[in-house]
Amino acid sequence: MGNRLVWIPVVLWMAIIFWFSSEPYSNQDLRPWLKQNVPEAALKERLQHVRVNYNGSEISIQTKGVQGFLEFFIRKGAHIFVFAVLAFLVYWALTLTWRTEKYNFWIAFIVSLIYAMLDEWHQSFNPERTAKWADVGIDAVGIVFGLLFAVAIRKIWGMLK
667 MGNRLVWIPV VLWMAIIFWF SSEPYSNQDL RPWLKQNVPE AALKERLQHV
717 RVNYNGSEIS IQTKGVQGFL EFFIRKGAHI FVFAVLAFLV YWALTLTWRT
767 EKYNFWIAFI VSLIYAMLDE WHQSFNPERT AKWADVGIDA VGIVFGLLFA
817 VAIRKIWGML K
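Heads up: take any position in the sequence shown, counting from 1, add 666, and you land on our numbering.
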């Protein structure tokens, strides 16, 4: 029974992801806060030449405005963070549940990636959200970061024993 309790953080984190994906964009729009709290002129000058092609669209200050440009990177950073945490939690739950660790990295990767795909699919039902496969790619980057961190912690922990 105790081993099953290690899955509670995984399920809770998945529920948090689901909740955020269920919210309409208008409830999560960061642009008004950024407009009020971030010095626009200095950023506009420094970042005016930065352009990113994302999912067939140019992301720049010219196309999104300063707040939209910053929000794009904050949101993509959130994708990386959220799925890094998920992968980390899945890896640790597997490690604490199954004493053989041979496939834990790959199982955690696949479970987290499937959840990332389901998350994008879930967003497709929200009229204010967009489901993009490119976001799953960004989630995959977070998954890899989370797993590499978990493996590093595991190795350090093993050396300390």
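Here a beta-carbon is modelled for each residue, glycine too, at the ideal position from N, C-alpha and C.
query, result
"Contact check, F828 vs D801, beta carbons under 7 Å", "Here the chain comprises residues numbered 667 to 827, so residue 828 is not present and cannot be evaluated."
"Separation of L784 from Y757, as counted between CA atoms", "19 Å"
"Per-residue DSSP class, three states only, for N719", "strand"
"7 Å Cβ cutoff met for A759 and W823", "no"
"Beta carbon of T763 nearer than 7 Å to that of N770", "no"
"Three-state class that DSSP yields for E724 in the structure shown", "strand"
"Distance CB(E737)-CB(R697) smaller than 7 Å", "yes"
"Rounded C-alpha distance that separates R670 from V677", "11 Å"
"Alpha-carbon to alpha-carbon, V716 and S723", "14 Å"
"Cβ neighbour criterion (16 or more within 10 Å) applied to Q733", "buried"
"Euclidean distance between Cα positions of K768 and L755", "17 Å"
"Alpha-carbon spacing of E612 relative to N792, whole angstroms", "Summary: the structure shown does not reach residue 612, with the chain confined to residues 667 through 827, and so no result is reported for it."
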